[in-house]
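Asks: Sending over a structure as structure tokens; questions will come in a sec.
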Amino acid sequence: MVGIVVVSHSKKVAEGVVELAAQMAGANDHIIPCGGMEDGSIGTDAVRIMEAISDANTGDGVAILVDLGSGILSTQTALDLLEEPIDARIADAPILEGAVAAAAEAGQGTSLDAVIGAAEEARTFSKNL
Amino acid sequence: MASKIYQCVEQIGNAIIENKDFLTDLDREIGDADHGVNMARGFTEVLAVLPQEEADLGVVLKKVGMTLLSKVGGASGPLYGTAYMKAAVPLAGKTSLTVADGKAVFEAVIGGIQMRGKATRGEKTMLDALIPAQEAYVAAADAGADAATCLEKACEAAREGVEYTKTIAATKGRASYLGERSIGHQDPGATSATITLESIRDFVKGM
Ligand SMILES: Nc1ncnc2c1ncn2[C@@H]1O[C@H](COP(=O)(O)OP(=O)(O)OP(=O)(O)O)[C@@H](O)[C@H]1O
Ligand SMILES: [Mg+2]
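Listed in order, the protein sequences are those of chains G and U.
Its first residue numbered 1, the first sequence is counted upward by one per residue in the working numbering.
Its first residue numbered 1001, the second sequence is counted upward by one per residue in the working numbering.
In structure tokens form, the structure reads like this:
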């Protein structure tokens, strides 16, 4: 099953997004929050993100949802730091909607391409109902 | 005895830590008020974990880079972290530096920051100090100047670069949320990059 990592500057945001996404995840227990710094302060840490990506991987790849600025830069750095070859990609999607869509898709046991596609499609959902 | 490179990194770290509040205040104007806090946290950890006797420039700078990208926390973490790790590549196995090595370091550092952050000159970032500094360094080096003179020229150009950042709007990083309202304020990252260069210059002059 495709793993999911949620990267945010804030520990609470990452955990909250995973909490909501997990409701849609079915049997997928590889949805991992990676928020804030080791000491709990606000920020992003490329090394911790790298470890979260490894932990989320079951062999089918990892979709990563990120917030702003260094959320992106630190995640790209983490991908460069990976020692084992893992098919891990950043979804170009809003972090919460993307994580929920990715979790629902990954829970069906589909491919990383499909999971990333579902997350990115979340960008187009209108809130003008 | 601490190696020369340890002493140089220590001088950079101390200067960054001394300027913690100043850098944070600059970031309060156009960002999220954490640049000094971020950089000081990173360098405090660097000074705690760096082996003092290690003299291999490549080994030391790689360790500095890895520590910064894990402990800084803001955009400057992956950017400076990548910069130090890229600088380590041409210096692997060396224990001293020539003027020509300095050119290779500038190229690696700026290449690394651009690979990571996709910014160019004129976007109100650290590159607005580093790219002019590189040009001044290379011009002085090609004219046959010694290391201290090359670094002096680089620092002058970096300071001018910091002044220039006051005149432009940010299009990368947090400050880009402010757009035109970022004009009139100097860029925190360009400032910390200049403090770094000045520390290296002072270290080389004192050698
Ligand atoms: N894409 C980029 N390329 C080069 N330098 C950048 C880029 N983005 C930001 N910077 C530099 O980083 C400095 C800000 O560093 P700081 O430590 O405050 O990170 P931040 O912007 O708060 O990070 P975050 O993205 O986590 O909010 C800026 O002043 C600028 O010089
Ligand atoms: Mg900041």
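Glycine included, each C-beta is placed from N, C-alpha and C at the ideal position.
Here the structure is a predicted model, which is why all the values come from computation and not from measurement.
Given a cut-off of 8 Å on the beta-carbon distance, is the pair G:Val-5 and G:Ala-56 in contact?
Replies: As a working mapping, residue 5 of chain G is identified with position 5 in the first sequence. As a working mapping, residue 56 of chain G is identified with position 56 in the first sequence. Yes, the Cβ-Cβ distance between G:Val-5 and G:Ala-56 is below 8 Å.
Asks: Am I right that G:Ala-88 and G:Ile-53 are in contact with their C-beta atoms under 8 Å? What's the rounded C-beta distance?
Replies: Taking the first residue of the first sequence as 1, we reach residue 88 of chain G at position 88. Taking the first residue of the first sequence as 1, we reach residue 53 of chain G at position 53. Their Cβ separation, rounded to whole angstroms, is 5 Å, which keeps G:Ala-88 and G:Ile-53 in contact under 8 Å.
Asks: Near G:Gly-109, what residues of its chain come up, given a Cβ to Cβ distance below 7 Å and the 5 sequence neighbours on each side ignored?
Replies: Against the first sequence, residue 109 of chain G aligns to sequence position 109. Result list for G:Gly-109: Met-1, in chain order.
Asks: Is G:Pro-33 helix, strand or coil when you go by DSSP?
Replies: Reading the first sequence from its first residue, position 33 is the one you call residue 33 of chain G. Looking at G:Pro-33 - three-state DSSP - the assignment turns out to be strand.
Asks: Does DSSP put G:Gly-3 in a helix, a strand or coil?
Replies: Counted from its first residue, the first sequence places residue 3 of chain G at position 3. Correct three-state label for G:Gly-3: strand.
Asks: Closest by CA to U:Gly-1117, which one among U:Arg-1174, U:Leu-1091, U:Ala-1092?
Replies: Within the second sequence, the letter at position 117 stands for residue 1117 of chain U. Minimum Cα distance to U:Gly-1117 is reached at U:Arg-1174.
Asks: In angstroms with no decimal places, state the Cα-to-Cα distance between U:Gly-1102 and U:Leu-1127.
Replies: Position 102 of the second sequence, counting from 1, holds the residue named residue 1102 of chain U. Position 127 of the second sequence, counting from 1, holds the residue named residue 1127 of chain U. The straight-line gap from Cα to Cα measures roughly 17 Å.
Asks: Got a sec: is the Cβ-Cβ distance from U:Gly-1122 to anything in chain G below 8 Å?
Replies: Residue 1122 of chain U sits at position 122 when you count from the first residue of the second sequence. No, U:Gly-1122 does not count as interfacial toward chain G.
Asks: Per DSSP, which one or two residues make a beta bridge with G:Asp-8?
Replies: The residue given as residue 8 of chain G occupies position 8 in the first sequence. The residue you asked about is not Asp; residue 8 of chain G is Ser in the sequence shown. Answer by DSSP bridge pairing, in chain order: G:Gly-35.
Asks: Can you tell me whether U:Gly-1179 is buried or exposed, with buried defined as 16 or more other CB within 10 angstroms of its CB?
Replies: As a working note, residue 1179 of chain U is residue 179 in the second sequence. Exposed, by the Cβ-count rule.
Asks: Listed from N- to C-terminal order along the chain, which residues in the stretch 42 to 57 of chain G have their beta-carbon within a distance smaller than 8 Å of any beta-carbon of chain U?
Replies: Residues passing the 8 Å Cβ filter: Ile-42, Gly-43, Thr-44, Asp-45, Ala-46, Val-47, Arg-48.
Asks: Round the Cβ separation of G:Val-7 and G:Thr-44 to the nearest angstrom and send it over; I've been treating them as touching at under 8 Å.
Replies: If you number the first sequence from 1, residue 7 of chain G lands on position 7. If you number the first sequence from 1, residue 44 of chain G lands on position 44. Contact flag correct, Cβ pair sits at about 7 Å.
Asks: U:Ala-1129 to U:Asp-1187, Cα distance in whole Å?
Replies: For the purposes of this step, residue 1129 of chain U is taken as residue 129 along the second sequence, with counting starting at 1. For the purposes of this step, residue 1187 of chain U is taken as residue 187 along the second sequence, with counting starting at 1. In a straight line, the C-alpha of U:Ala-1129 is about 9 Å away from that of U:Asp-1187.
Asks: Per DSSP, what are the beta-bridge partners of G:Ile-64 in this structure?
Replies: The sequence position of residue 64 of chain G within the first sequence is 64, counting from 1. In the DSSP output, where bridge partners are listed per residue, G:Ile-64 has G:Val-5, G:Ile-90.
Asks: Which same chain residues end up closer than 6 Å to U:Ala-1075 when comparing Cβ atoms and leaving out the 5 residues on each side of it in sequence?
Replies: Taking the first residue of the second sequence as position 1, residue 1075 of chain U is located at position 75. Excluding residues within five positions, the ones whose Cβ falls inside 6 Å are Gly-1173.
Asks: 8 Å is my cut-off, CB to CB: does U:Ala-1040 come that close to chain G?
Replies: Counting from one through the second sequence, the residue named residue 1040 of chain U turns up at place 40. Closer than 8 Å: no.
Asks: Taking beta-carbon pairs under 7 Å, can you tell me which members of the stretch 1046 to 1076 of chain U lie near chain G?
Replies: Taking 7 Å as the Cβ-Cβ cut-off against chain G, the residues of the stretch 1046 to 1076 of chain U that qualify are Leu-1069, Ser-1070, Gly-1073, Gly-1074, Ala-1075.
Asks: Consider the Cβ of G:Thr-110: report whether some Cβ of chain U lies at a distance smaller than 8 Å.
Replies: In the first sequence, residue 110 of chain G corresponds to position 110, counting from 1. No, its Cβ sits nowhere closer than 8 Å to a Cβ of chain U.
Asks: May I ask which residues mark the beginning and end of the alpha helix (DSSP H) holding G:Phe-125?
Replies: Reading the first sequence from its first residue, position 125 is the one you call residue 125 of chain G. Run containing G:Phe-125: none; DSSP gives neither H nor E here.
Asks: Could you name the residues of chain U that G:Gly-69 contacts, counting a contact when the two beta carbons are closer than 8 Å?
Replies: As a position in the first sequence, residue 69 of chain G is number 69, starting the count at 1. Correct list: Gly-1074, Ala-1075, Gly-1173, Arg-1174.
Asks: Spell out whether any CB of chain G is found under 8 Å from the CB atom of U:Thr-1165.
Replies: By 1-based counting over the second sequence, the position of residue 1165 of chain U is 165. Output row for U:Thr-1165: interface = no.
Asks: What did DSSP end up calling U:Leu-1061 once you bin it into helix, strand or coil?
Replies: Position 61 of the second sequence, counted from the first residue, corresponds to residue 1061 of chain U. The answer is helix: DSSP assigns U:Leu-1061 an H, G or I state.
Asks: Is it the case that the CB of U:His-1035 approaches a heavy atom of ligand 2 more closely than 7 Å?
Replies: For the purposes of this step, residue 1035 of chain U is taken as residue 35 along the second sequence, with counting starting at 1. At least one heavy atom of ligand 2 is nearer than 7 Å to the Cβ of U:His-1035, so yes.
Asks: Whose C-beta lies closer than 7 Å to the C-beta of U:Thr-1191 among residues of the same chain, with five residues either side of it excluded?
Replies: Residue 1191 of chain U sits at position 191 when you count from the first residue of the second sequence. The residues are Leu-1023, Leu-1026, Val-1162.
Asks: Which of the three DSSP states, helix, strand or coil, is assigned to G:Ala-21?
Replies: Translated into the one-based positions of the first sequence, residue 21 of chain G becomes position 21. Note: G:Ala-21 maps to helix in three-state DSSP.
Asks: Distance, Cα to Cα, U:Asp-1202 vs U:Thr-1120?
Replies: As a working mapping, residue 1202 of chain U is identified with position 202 in the second sequence. As a working mapping, residue 1120 of chain U is identified with position 120 in the second sequence. Going from the Cα of U:Asp-1202 to the Cα of U:Thr-1120 covers about 28 Å.
Asks: Residues of the stretch 3 to 23 of chain G in Cβ contact with chain U at a cutoff of 9 Å, in chain order, please.
Replies: Listed in sequence order: His-9.
Asks: When the Cα atoms are used, what is the spatial distance from U:Gly-1077 to U:Ser-1182?
Replies: Position 77 of the second sequence holds residue 1077 of chain U. Position 182 of the second sequence holds residue 1182 of chain U. Distance between the alpha carbons of U:Gly-1077 and U:Ser-1182: 22 Å.
Asks: Would you call the stretch 1062 to 1072 of chain U and the stretch 94 to 108 of chain G touching, i.e. three or more CB-CB distances under 8 Å?
Replies: No contact exists between the stretch 1062 to 1072 of chain U and the stretch 94 to 108 of chain G.
Asks: How far does the alpha helix (DSSP H) with U:His-1035 in it extend, from its first residue to its last?
Replies: For this step, residue 1035 of chain U is matched to residue 35 along the second sequence. Its alpha helix (DSSP H) spans residues 1035 to 1049.
Asks: Measuring straight from C-alpha to C-alpha, what distance separates U:Ser-1176 and U:Gln-1052?
Replies: Numbered from its first residue, the second sequence carries residue 1176 of chain U at position 176. Numbered from its first residue, the second sequence carries residue 1052 of chain U at position 52. Roughly 39 Å between the two C-alpha positions.
Asks: Could you confirm whether any beta carbon from chain G is found closer than 8 Å to the beta carbon of U:Arg-1116?
Replies: For the purposes of this step, residue 1116 of chain U is taken as the residue at position 116 of the second sequence. Yes, its Cβ sits closer than 8 Å to a Cβ of chain G.
Asks: Is any heavy atom of ligand 2 found at a distance shorter than 7 Å from the C-beta of U:Gly-1042?
Replies: Counted from its first residue, the second sequence places residue 1042 of chain U at position 42. Incorrect: U:Gly-1042 has no Cβ contact closer than 7 Å to ligand 2.
Asks: With distances taken Cα to Cα, identify the nearest neighbour of U:Asn-1038 among U:Glu-1010, U:Gly-1081, U:Asp-1056, U:Val-1049.
Replies: Sequence index remark: in the second sequence, residue 1038 of chain U carries index 38 (1-based). Measuring from the Cα of U:Asn-1038, the nearest candidate turns out to be U:Gly-1081.
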